[in-house]
Every structure is written in C-alpha cells, then in structure tokens.
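Protein chains in written order, with the working numbering: chain Y, 1 to 365; chain R, 1 to 180; chain B, 1 to 168. Positions of the beta carbon are idealized from the N, C-alpha and C atoms, including for glycine. Given the structure is predicted, the values throughout are model-derived calculations rather than measurements.
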Amino acid sequence: MALTKKGQIEITFNWIYILIAGTVILLFFVGLVYKQKVVSEEKLTTEVVEILDSILHGASVAEKTKNFVNTGGIADYTLQFSCDEGVSNYGIKDSGFQEENSVTPIFSLPSIQTSRLVFWSLPYKLPYKIIDLLFITSANTNYVFLGVNDFVNEFLDATQESDPFLKIATDSKNDIDEVRAGGNTYLRLIDVDGTHGILDNQQLPANLKDFDEERITAVVFKAAQSVDFFIVQNGRWKKTNFNPVNLVSLGGERDAAKYAAIFAGNDKIYECNMAKAFKRMQYLDEVYQGKVEDLIAFYVGSSVNNKDVCLISLTEPLLQTVLQRHHTSARSCVLEKKCGDLIELSKKIISINDNMESEGCVKLY
Amino acid sequence: MSLIERCRKGQMEAMGLVVIVILITLGMLFLAQFALKEAGEKKIFTRKGLAYSSMSAILKTTVETDCRANTIPYLGRDVLEDCAINLADSPEGYSKYKCSGLHSCVFAEQKITTLLLNTLGEWNKRYEFQSRLINNEGAMPIFTITNKGGCTGRERDTSGLFPIQAENAGLIENILFICD
Amino acid sequence: MMTKKGQGRMTETIAVLFIFFVLILFGIVFYFKYQDVAIKEDIRESLASRAMETTLTSLFLPELQCSRGAAEPEDNCIDLIKMNNAMRVFKENQDKYYFDIFSYANITVFQKYPTEEKWTVYEKVKLNATAKEPTFFVVVLRNEASKESSESSETTFGYGYISVEVYR
Numbered sequence: 001m002a003l004t005k006k007g008q009i010e011i012t013f014n015w016i017y018i019l020i021a022g023t024v025i026l027l028f029f030v031g032l033v034y035k036q037k038v039v040s041e042e043k044l045t046t047e048v049v050e051i052l053d054s055i056l057h058g059a060s061v062a063e064k065t066k067n068f069v070n071t072g073g074i075a076d077y078t079l080q081f082s083c084d085e086g087v088s089n090y091g092i093k094d095s096g097f098q099e100e101n102s103v104t105p106i107f108s109l110p111s112i113q114t115s116r117l118v119f120w121s122l123p124y125k126l127p128y129k130i131i132d133l134l135f136i137t138s139a140n141t142n143y144v145f146l147g148v149n150d151f152v153n154e155f156l157d158a159t160q161e162s163d164p165f166l167k168i169a170t171d172s173k174n175d176i177d178e179v180r181a182g183g184n185t186y187l188r189l190i191d192v193d194g195t196h197g198i199l200d201n202q203q204l205p206a207n208l209k210d211f212d213e214e215r216i217t218a219v220v221f222k223a224a225q226s227v228d229f230f231i232v233q234n235g236r237w238k239k240t241n242f243n244p245v246n247l248v249s250l251g252g253e254r255d256a257a258k259y260a261a262i263f264a265g266n267d268k269i270y271e272c273n274m275a276k277a278f279k280r281m282q283y284l285d286e287v288y289q290g291k292v293e294d295l296i297a298f299y300v301g302s303s304v305n306n307k308d309v310c311l312i313s314l315t316e317p318l319l320q321t322v323l324q325r326h327h328t329s330a331r332s333c334v335l336e337k338k339c340g341d342l343i344e345l346s347k348k349i350i351s352i353n354d355n356m357e358s359e360g361c362v363k364l365y
Numbered sequence: 001m002s003l004i005e006r007c008r009k010g011q012m013e014a015m016g017l018v019v020i021v022i023l024i025t026l027g028m029l030f031l032a033q034f035a036l037k038e039a040g041e042k043k044i045f046t047r048k049g050l051a052y053s054s055m056s057a058i059l060k061t062t063v064e065t066d067c068r069a070n071t072i073p074y075l076g077r078d079v080l081e082d083c084a085i086n087l088a089d090s091p092e093g094y095s096k097y098k099c100s101g102l103h104s105c106v107f108a109e110q111k112i113t114t115l116l117l118n119t120l121g122e123w124n125k126r127y128e129f130q131s132r133l134i135n136n137e138g139a140m141p142i143f144t145i146t147n148k149g150g151c152t153g154r155e156r157d158t159s160g161l162f163p164i165q166a167e168n169a170g171l172i173e174n175i176l177f178i179c180d
Numbered sequence: 001m002m003t004k005k006g007q008g009r010m011t012e013t014i015a016v017l018f019i020f021f022v023l024i025l026f027g028i029v030f031y032f033k034y035q036d037v038a039i040k041e042d043i044r045e046s047l048a049s050r051a052m053e054t055t056l057t058s059l060f061l062p063e064l065q066c067s068r069g070a071a072e073p074e075d076n077c078i079d080l081i082k083m084n085n086a087m088r089v090f091k092e093n094q095d096k097y098y099f100d101i102f103s104y105a106n107i108t109v110f111q112k113y114p115t116e117e118k119w120t121v122y123e124k125v126k127l128n129a130t131a132k133e134p135t136f137f138v139v140v141l142r143n144e145a146s147k148e149s150s151e152s153s154e155t156t157f158g159y160g161y162i163s164v165e166v167y168r
C-alpha cells in the first residue's frame, strides 16, 4: 500500500513538473518569436524608407529613366510625402520614422498607398542643366488628360513602357463627364487649357461622386506660364493655391517643370520643391560666371583665328551681366517667388551660346 | 560493471552524441548562409560601370603631346583607326600617326597598357582589354592587354563593345573585361 | 534502497534538464554573436553603398559634368574649367548646401595623362571617423582652355580618375 501511494505521488509529481517546465519553455519561445515579429516589421519599415532614400539620392544619376520599387510587406501602409521650407519629408504615415531631403526636388501626391512605387527623373534646364527633378507615382494612380494637344501626346508617349512594372497609367478624354473611376485608387485630372469645368467651388461631376474625395486631385494649365492645383472637399473642387503658381520653363520636349506640376499633389509640394531647383541654379550660375572669366582670359592669350570673334561673343552683349542677372533672378525666385526674368534671361544665354557655337568658339555649356 | 551502471554510461554517451550533432548542424546552417549568398548586385553594377567608364575614357583621350599632327588626334577614333588601316605594316612600317616615333598599333598598345595600369592596375583589378579588326576576311586580333592573368574562365563584367569604323579596313571592336 | 533509487532518478532528471538549459544558453550566445557579426557587416555594406552613391552623384553633378548644349551631357566626363570654378563654389557653400549632398567625404580628381595633376574638389573630413571607404572611377577630363587648344581651337581630353572617400 505504501509503495503504491509513493508511486502515485511520484508519477503525479513528474507530470506536474513536466507541465510547468514545458509551459515555461513554450512561453519563452513564443515570446522570442513575437519579439522577432515586431523587430522584423520595424526593420521592414526602415528598409523601405532607406531604399526610397537611396533611390531619391540616385535620382541625379538616372536621368531620363524610370525605376520602381515593390513596397511588399508595407503595401497596406500609407507613404507620406511633404515639403516645408525647402525640406522634403517622406516616410510611413504614423510610423515616426521619416527621412529628410533638402537637395533633390521630389514631386508626388501627399500620400500614396500602393504595392509598387514608380520613380521617374527628368533634367530641369534653364538653359543649362540645373538639377534632376524626381517624380514619384504609383501603379494605382491614373493620370487623365482633359483635352488634347502636342504636350498631351508627348506625355502619353513618354509614359509608355514595354516593362509593365514601369508603366504609368494614363488616359485622355475630351470631357470630364467621360472620366470613369476604374480600378485605380488615385485619380489625377489634368486640364490642359482650363476649359473643362475644373473651377474653384465647382461641383464635382456625377461620374466622380462615388470616388473617395481624398484620392482625386487636379491640375489646370490655364496660361502658358502658370498652373493651378485642386483638391476635392465636400463634393466640390477647391483650389489650393491663392495666386497662380509660376511655371518657370523654356517649354520644348520633356518640359520637366510642367511634368512636375502634373505629379505634384498640391501647390505647396510644387513650389517648395521647385525652390530647391532655383537654389541650385544660383550655384551653377556662379560656376558658369567663373567659366566666362576663364574663357575670356583663354582667348586673350590664345592665337586662334577666331579669337576676336569669340571675345566679342563673350563680352558683347555682356554675358557676365546676363549671367549675373540670371543669378539674381534665381535668388529672388527662391526668396520672393519672383521668377519673371528667368525665362527671358535664359533665352538670351541660349542665343549667345548658339552664336558662340556657330563661330567655332568654346561654348558656355 | 552492473547493469544499471552500464545503462547510465550509455545514457551519458547518447547525450554527448546529441550535443555534438546539434553543434554540427548549427554550424553547417550558419556556414550555408554565406556559401549560398550571391554576389551583390551593387558589386556587379560597379564593375560594369568601371569597365564602361574606363573604355570610354581610353577612346576619348587625346594624345596631342605624343602625336604631332595638324589636328588633335583621339586615341580611339584616330590612332586605333590608323592602326587598323595600317595593321599589315605593323610594327615597323608605315602609319599616318607616328606617336613617340612608333607605329600607331605599337603606340596604342603601349599607351592603353600604361593608362590601364595607372588606374585599374593600381587598384589591383584583374582585367583584359581586347581590340580586333572585323572585315570580309573575318576577325583579326589587333592586340590584347591583360593584368594578373586576364579574365579567361572567370566571372567577369564587360564594358560593352565600343566599335570604331575604320575607313576601307573594317570595324574595330574594342572590349574591356574586369573580373575578380 | 527504494529511496536511493528515487533520489538517483531525480538527480538524473535534474542533470538532463541542466544540460538542456546549457544547450539553450549556448544557442542564445551563438545567435547574439552571429547578430553582432551581421550588424557589423551591414554597417560596412552601408558605408560601401554610401561611397558608391557619392561617387555616382559626383560623376553626374551639373557643376562638373561636360555639357553638350541642348543635347544630353557626356558620360563619365569632367569639364576642367567648370571644375576649377566649382571647387571655389563648393568651398564657399559647403556648410549651407554641399554638405547635404556629400556629407563627410573627400572627393579628388586625378589626371594621369597627358600630365599628372591632382585637384581636391570637395573635402570635409570627419575628425573621429571610425571607418573610411574609398571608391574610384575612371573619367575623361575635358580641357577647352589647354595650351594645345589655344593654338588650334580644338578641345583636348585627358585621362584620369575620380576618388571618393566617405567617412563614418
């Protein structure tokens, strides 16, 4: 009897011991796995933002090319882009982890939720290359042009890609009533001449009423050198800029400043990032001013046949004065948003440069 | 030794074996991670970019200090072209450019060797530069420059073909390989 | 005898558990050691990546790159006249602008042919740097104001390389 009871106690004790020890070990490993999961998520968030940062930094290298990145595990998260006082901020909404960039102009919608981001970089020239403008869009954003002209055809052509991962969804309609929401999450309307019913406080057409208001934006090119930005509030269009936003560009093919207006979500993002380009312009102007002085010294000391012609091109009309005014205009563009002279001065520089080329002289750029 | 003692010894030995097996397994898993790792994409991009930029720079270099001529000659489109046209006369015969008193082909080979040694060679890169003439008769090697044994049979990145049209002689194909 | 048997078996169980926990501890130590090595490797890769990014940024800098009018600029080419002026502009605006592009780095351009020359384009040394990563890229150096150009109005191209050292 005593032996049986001892055996019962021993077996029972063993089982209790195993259960407790086993539970402790199990809890330990479960805790470890959970901790790893949290760490992995944070790592993934950081990695994607770092990849974004790397691509943004590399924008100047990949001129006129497109790139993409799959957001993978964070496709359900919203990426936020903003710009304030010349500094762009981007990161995952509410994550507390953001990157800053005060050099590269980045144009995108203020928030994007997507499984694939598409990056496109174009050089901004005024008249020489200033900087590469970086456009960020997503696989689920549709750019719909209202109206047709050469610019529209060029843009539609430029966004065609054989690689489906690099394709930007675009469309062209004659009237805003023809626009359908489709399967895209974001809708960007581009009114090419300001005659397609996108006006401040104007009611949104019925075909777009079912669309999420936060995901419809528009840009209107009413005049050649200005642009207006619109969002939707309470079923009506609302202009975000108080004054028309300056479009400082020389036109022509792949007009980077105009493309930037299409990709920028609002006037703040556009103006803040263009200011980065104007800031850079000042430094480039200084470099070219130095080059003019060096070229003058070079021709003074040279024995080439066209020496006199080249010196005239460099000194009359005073190229130095034009460049100095260009520099001053760029500065006032950054500080006071007065960019009026830049286009005229740039055209003068182009004229002088072309003249130098035709005379067989060393060109400014 | 009693039966019980023998059983205990057996248990301890088994325990020891288990420990060793676990250690070896963990070690193998750890090493496998490194063995299966592929060469980073960035490394390949760097080598390719370096090969491209080196080749591009070589062909665009002007050799006015060594070659006296009416116009400033380029190492690629002028000297190499002249070499291709007068390949049959190399090394002692005629060539339009007599850079440092040498036939174009000899000068081009020497100059390219020096330029590559001063850059890629200094950085301990293994490389192979090939230049050949392609015409109706087939492909004829002009010269090959290697460093550290060249790149044959090795994983390598190429600059891409940099062709130069040689008047009445054919097409000069130039390629630079950089390998590990 | 029965008591001794029970005690013996208890000791056996404890011994087994002890070895088990020793194994777990061993595994944890091994894992953290591996993490440490992996993190160091990550940091080294990150520095190498930054070095490459800075090199590519330098190669495509509008202040240095050879322009061709309205056409696309020339690849892997540095305009020496622009570079000489850019050096001054970088220095004057280093803290307020160019540091944001290059950070702590040393960017030097070397010419190997026709003559050996060296230009320090940008320099911002980190005093207590723990690591340094150099990257080299071959470039062609366009000189529109060379001695030969002054006689023939043709541009000369030198051969050289750009060296970018980044600090951590």
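8 angstroms Cβ cut-off: residues of chain B touching residue i
i        : result
Leu284/Y : Pro62, Glu63
Lys60/R  : Cys77, Val140, Phe157
Ser54/Y  : Ser49, Glu53
Glu357/Y : Gly69
Cβ-based burial, residue i [other Cβ within 10 Å; buried from 16]
i        : result
Gln111/B : buried
Val37/B  : exposed
Ser53/R  : buried
Ala223/Y : exposed
Thr61/R  : buried
Tyr288/Y : buried
Leu161/R : exposed
Gly22/Y  : exposed
Asp142/R : Checking the sequence, you will find Ile at residue 142/R rather than Asp. Buried.
Interface partners of residue i on chain R, CB under 8 angstroms
i        : result
Tyr122/B : Under the 8 angstroms cutoff, chain R gives no residues; its nearest Cβ is about 20 angstroms from Tyr122/B.
Unbroken beta strand (DSSP E) run spanning residue i, endpoints
i        : result
Gly340/Y : That residue, Gly340/Y, is in no beta strand (DSSP E); its alpha helix (DSSP H) goes 340 to 358.
Arg116/Y : 116 to 125
Ser88/Y  : 87 to 92
Cys77/B  : 77 to 79
Ser82/Y  : 79 to 84
Lys258/Y : Not the beta strand (DSSP E): Lys258/Y falls in the alpha helix (DSSP H), residues 256 to 263.
Ile142/R : 138 to 147
Residue i versus residue j: straight-line alpha-carbon distance, rounded
i        : j        : result
Asn86/R  : Ser95/R  : 6 angstroms
Ser67/B  : Lys291/Y : 13 angstroms
Ala275/Y : Phe107/R : 52 angstroms
Ser95/Y  : Ile51/Y  : 16 angstroms
Asp200/Y : Arg236/Y : 8 angstroms
Asn118/R : Lys147/B : 24 angstroms
Lys82/B  : Ala105/B : 20 angstroms
Ile162/B : Gly121/R : 15 angstroms
Thr113/R : Gly86/Y  : 49 angstroms
Glu167/R : Leu44/Y  : 58 angstroms
Gly6/B   : Gly27/R  : 38 angstroms
Neighbouring residues, chain Y, relative to residue i (Cβ below 7 angstroms)
i       : result
Lys40/B : By Cβ distance, chain Y contributes nothing, its closest Cβ being about 16 angstroms from Lys40/B, past 7 angstroms.
Gly27/B : Result: empty, since nearest Cβ-Cβ is about 11 angstroms, beyond 7 angstroms.
Opening and closing residue of the alpha helix (DSSP H) in which residue i lies
i        : result
Tyr299/Y : 267 to 300
Ile74/Y  : It is not in any alpha helix (DSSP H) - Ile74/Y carries neither H nor E in the DSSP assignment.
Cys333/Y : 319 to 336
Ala158/Y : 150 to 158
Leu311/Y : 307 to 315
Cys105/R : 104 to 116
Under 9 angstroms by beta carbon: chain B residues contacting residue i
i        : result
Asn135/R : Near Asn135/R there are no residues of chain B at all, since even the closest Cβ is about 28 angstroms away, more than 9 angstroms.
Ser102/Y : Tyr97, Asp100
Ile178/R : Per Cβ cutoff of 9 angstroms: no residues; Ile178/R is ~11 angstroms from chain B at best.
Amino acids of chain B, ordered along the chain, whose beta-carbon sits closer than 7 angstroms to that of residue i
i        : result
Tyr259/Y : The contacting residues do not exist; Tyr259/Y stays about 17 angstroms from chain B at best.
Ile72/R  : Glu148, Ser152, Glu154, Thr156
Proximal residues of chain Y, C-beta to C-beta of residue i below 9 angstroms
i        : result
Ser163/B : Ordered by position in chain Y, no residue passes the 9 angstroms Cβ test against Ser163/B, which lies about 18 angstroms from the chain.
If the cut-off is 9 angstroms on Cβ atoms, which residues from the region 337 to 353 of chain Y count as contacting chain B, listed in chain order? Ile350, Asn353
Output, in sequence order along the chain, the residues in the region 293 to 305 of chain Y whose CB is closer than 9 angstroms to any CB in chain B. Glu293, Asp294, Leu295, Ala297, Phe298, Tyr299, Gly301, Ser302, Ser303, Val304, Asn305
Please name the residues in the region 83 to 116 of chain B whose beta-carbon is closer than 7 angstroms to at least one beta-carbon of chain R, in chain order. Lys112, Tyr113, Pro114
By the 8 angstroms beta-carbon criterion, what residues does the region 145 to 158 of chain B contribute toward chain Y? Ala145, Ser149, Ser150, Glu151, Ser152, Ser153, Thr155
Quick one, which residues of the region 45 to 61 of chain B are near chain Y if we go by CB-CB under 8 angstroms, in chain order? Ser49, Glu53, Leu56, Thr57, Leu59, Phe60, Leu61
Listed in chain order, which residues of the region 123 to 149 of chain Y have Cβ atoms closer than 9 angstroms to some Cβ of chain B? Pro123, Lys125, Pro127, Tyr128, Lys129, Ile130, Ile131, Asp132
By the 7 angstroms beta-carbon criterion, what residues does the region 99 to 120 of chain R contribute toward chain B? Leu115, Asn118, Thr119
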